[in-house]
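In our numbering, the protein residues as written are 34 to 194. Every residue, glycine too, gets a C-beta built ideally from N, C-alpha and C. Please read the structure below before turning to the comments.
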């Protein structure tokens, strides 16, 4: 059975949501869900949301940049996975493009090359074709572009005797 939601006053919710937004960058949808979780009604949520935007606590472009840069550097996600995640959070295409600019092309390829080498070294597979497929599948699943992945995987096979 679900616990009943304790309804907060608008003033209490405002203080809590200030802390929530100040802790890390948030998307509008995350904040909206949190406010509804506090037991606020639609008009109160909209009012608080617009207040947070005007005060500078919420900025979707800033969120997209922080999210894309963080997921790439920390979890080594590829662009495709980052785009899908940002779309799922309801961001506009302009914000998503702005966020992807945080990923440097040279750093992206360096990370991809390192992932290919690391996964290839970790696999104990005698058949070169199976090994190549497993490496490629793993990296594509991390959100990297398939044609780019295959280029690096084939290059690794050529470099290895």
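Coil, strand or helix - residue i by DSSP
| i | result |
| --- | --- |
| residue 183 | helix |
| residue 136 | coil |
| residue 177 | coil |
| residue 153 | helix |
| residue 130 | helix |
| residue 41 | coil |
| residue 158 | coil |
Supposed close pair residue i, residue j - CB separation, criterion 8 Å
| i | j | result |
| --- | --- | --- |
| residue 96 | residue 58 | 4 Å |
| residue 176 | residue 129 | Not quite, the Cβ-Cβ distance comes to about 13 Å (not below 8 Å), so this is no contact. |
| residue 51 | residue 90 | 7 Å |
The alpha helix (DSSP H) enclosing residue i, as first and last residue numbers
| i | result |
| --- | --- |
| residue 87 | 75 to 88 |
| residue 103 | 93 to 108 |
| residue 58 | Neither: residue 58 is in no alpha helix (DSSP H) and is coded neither H nor E. |
| residue 112 | 112 to 121 |
8 Å CB neighbourhood of residue i in its chain, flanking five on each side removed
| i | result |
| --- | --- |
| residue 84 | 47 |
| residue 125 | 93 |
| residue 156 | 164, 167 and 168 |
| residue 119 | 97, 100, 101, 128, 129 and 132 |
| residue 68 | 46, 50, 77, 78, 81 and 82 |
Classification of residue i by the beta-carbon crowding that lies within 10 angstroms, buried from 16 upward
| i | result |
| --- | --- |
| residue 134 | exposed |
| residue 87 | exposed |
| residue 111 | buried |
| residue 187 | exposed |
Other residues of its chain near residue i: CB distance less than 6 Å, five sequence neighbours each side excluded
| i | result |
| --- | --- |
| residue 40 | 72 |
| residue 77 | 43 |
| residue 62 | 122 and 123 |
| residue 182 | 169, 172 and 173 |
Own chain, CB closer than 7 Å to residue i, minus 5 neighbours either side, in chain order
| i | result |
| --- | --- |
| residue 171 | 152 |
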